[in-house]
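In the working numbering, the protein residues as written are 448 to 1061.
Where is the CB? At the ideal position from N, CA and C, for every residue including glycine.
Because the structure is a prediction, the values reported are computed rather than measured.
Worksheet: one structure, shown below.
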């Protein structure tokens, strides 16, 4: 492996670590299974860089296969003793899971830091952006795990607690299958397998390959072309794009927006910081475009065959699985043995044996087994198929043989009945072709999600039953009155009318009756003062206190009015009475001096006292 290839593989390791951060699973067994994947990738990188013998690589492949087998056994053993497991063990497991994620991120960050000096400047910027996205994903998953921890702490009902814990165990098993599938695909990408290849361009389309094989003179060519055409859906499933990439896409979009804001805030256009941010933004845009192209390629890759695939058909995730924990223990062991053997043949330099066409199709090998019921084979979905003269059969929930009736979905059986897995790997129960569909909720109850009545498909949500009309609008129905309702855009249901409803605007003034106005004008002030006094005192008998305050208020009003009347009377009595003669004297005196002055009449009754001379 050259230096450039080693750096590219380092980015693949970062991608796998981000994949382990996509699901908020709980490591209930207190073992970090993602760390085994991380160590295997690092060991694979060392083997390829130093060109070690193929036996070292074969040992690594065998090791992670048997690690998956052991991990599934440990988790199933834990499931058997769920009811006896103390709640504190689960809470400690959640803390352990968060600590493992932090350690995994720190280990990889330190590992990248040691190689930073040997990396080109552009690759360093790209790797730093990957590390930031990885950190954000880790924080998001940690927040979800903290919420789960809180839910487990406050859960009171023991039955609900067991149901939720079983659900977490299922999620952990599905997550374990996915990360091991991804590791196996990484091995396939970097290892030169010794497999026979047709002398043709691998970039040709599937139809061109089919036409080329069909026109070949080899005797087996028509049979090969027919098998490829019949199993085209399997070949397309090699390209996989699941909902797990959506989290990475959202983080990339968020980072692009942050970087654009930072660039706009900077003033200097030619500064080193601006150039670095521009390079980082260009990388994130290219990364986002590559993810979108991958999604578009998956949608555009369709075979031109007689059977047209419906637009709403979703590829079942079970079709692209290599590791499948749903298999019985014996079948799991047999699967690992066959996988290890195929890997040994692919890595071996001796190509005289039977060639390996595709490791991804190993679970489709038809091998006949025998049990108490009869002979059966295990299909690629992990089901026991009993073949008889009148058709294929499988065991139902009552351990009885029933005919295999697969349509657009692949049906399984458990204790609740027949079900299929939707694109989100949820179990949807459906008894027969025309039956309603139910979903098993964490509470342990089956809730209806879809039914067909009179040719109309009804679905259910937390608001009730609804159907989708021609305009794509959800129409909710009242089961008792059959009245129709629609969403008003604010999360509320409003009844639909045959004619449009027009409402008048609200009156500008408040609607108050005349009685209220009368009370407000007459006793409003008294009630405010008296009620305030009662609230301040808070007596034992507030009614009596209110009555006393009202009585005192009335007495105060009467006393105030009485005092006002007395003051008016006193002012009227104090008015000074002046006789007409006095007015005459005052006028005469004023005329003599030319001014009008006040005159005291007492001077008329007294004589001037003369002082005798000595």
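Reduced DSSP secondary structure (H/G/I, E/B, other) of residue 972 = helix
- Would you give the residue range spanned by the beta strand (DSSP E) that residue 913 belongs to? 911–915
Does the separation of the CB atoms of residue 904 and residue 896 fall below 8 Å? no
- Item | Euclidean distance between Cα positions of residue 818 and residue 831 | 11 Å
### Extent of the continuous alpha helix (DSSP H) run through residue 865
Taken as a continuous stretch (DSSP letters only), residue 865 belongs to no alpha helix (DSSP H), being part of the beta strand (DSSP E) at 864–868.
- Task: Could you check what DSSP says for residue 876 in three-state terms: helix, strand or coil?
- Result: strand
Practice prompt. In the DSSP assignment, find the unbroken alpha helix (DSSP H) run with residue 1002 in it and report its ends.
Written response: 989–1020
Using DSSP bridges, identify the partner residues of residue 921. 915
Count the other CB atoms, across all protein chains shown, that sit within 10 Å of the CB of residue 669; report buried if there are 16 or more and exposed otherwise.
-> exposed
Sorted by chain position, which residues of the same chain lie with C-beta nearer than 6 Å to residue 622's C-beta, five sequence neighbours on each side aside? 470 and 472
- Task: Taking only the alpha-carbon atoms, compute the straight-line gap between residue 563 and residue 785 and give it to the nearest angstrom.
- Result: 40 Å
Curious, which full-length beta strand (DSSP E) runs of at least 3 residues does the region 589–641 contain?
none
TODO: Mind checking which residues open and close the beta strand (DSSP E) that includes residue 834?
DONE: Secondary structure note for residue 834: its beta strand (DSSP E) is the uninterrupted segment 831–835.
Tell me, please, whether the region 487–495 touches the region 460–470 by the rule of three or more beta-carbon pairs shorter than 8 Å. Yes, the region 487–495 touches the region 460–470.
Three or more beta-carbon pairs under 8 Å between the region 703–710 and the region 723–735, yes or no? yes
**Asked** When we look at the beta-carbon of residue 598 and count the other beta-carbons within 10 Å, is it buried (16 or more) or exposed?
**Response** exposed
(Q) I need the straight-line Cα distance from residue 592 to residue 539, nearest angstrom please. (A) 12 Å
**Message:** Buried or exposed, going by whether 16 or more other CB atoms sit within 10 Å of the CB of residue 1015?
**Reply:** exposed
Where does residue 587 sit, in a helix, a strand or coil, going by DSSP? helix
query = Which of the three DSSP states, helix, strand or coil, is assigned to residue 810?
reply = Per-residue confidence for residue 810 stands at a pLDDT of 39, beneath the threshold of 50, marking its modelled position as unreliable; no derived number is given.
- Task: For residue 778, I'd like the list of residues in its chain whose CB is within less than 6 Å of its CB, leaving aside the five on either flank, ordered along the chain.
- Result: 825
Would you tell me roughly how many angstroms separate the C-alpha atoms of residue 989 and residue 974, rounded to the nearest one? 14 Å
Item to complete: Tell me whether residue 1111 is buried or exposed, calling it buried when 16 or more other Cβ atoms sit within 10 Å of its Cβ.
Response: Given a span of 448 to 1061 for the chain in the structure shown, any question on residue 1111 remains unanswerable.
Margin query: Using a Cβ-Cβ cutoff of less than 7 Å, which residues in the same chain neighbour residue 629 once the five nearest sequence positions on both sides are dropped?
Written below: 463 and 466
| field | Limits of the unbroken beta strand (DSSP E) element including residue 1083 | value | Because the chain in this structure spans residues 448 to 1061, residue 1083 falls outside the shown range and cannot be described.
Buried or exposed for residue 865, going by 16 or more other Cβ atoms inside 10 Å? buried
- Sort out for me which residues DSSP pairs residue 903 with in a bridge. Answer is 900.
| field | Nearest candidate by alpha-carbon position, reference residue 590, set 468, 620, 857 and 606 | value | 468
**Asked** Per DSSP, what kind of secondary structure is residue 822 in: helix, strand or coil?
**Response** strand
Which residues in the same chain have their Cβ closer than 6 Å to the Cβ of residue 858, if we skip the five residues on either side of it in sequence? 865 and 867
Worksheet item: How would you call residue 535, buried or exposed, if buried means at least 16 neighbouring beta carbons within 10 angstroms?
Response: By the 10 Å Cβ count, residue 535 comes out exposed.
What does the Cβ neighbour count give for residue 560, buried or exposed, with the cut at 16 atoms within 10 Å?
exposed
| query | Going by C-alpha distance, which of 516, 499 and 555 is nearest residue 459? | reply | 555
### Query
Near residue 911, which residues of its chain fall below 6 Å by C-beta distance, leaving aside the five closest residues on each side in sequence?
Excluding sequence positions up to five before and after residue 911, its CB lies within less than 6 Å of the CB of 923, all in the same chain and listed in chain order.
- Would you give the residue range spanned by the alpha helix (DSSP H) that residue 558 belongs to? 534–562
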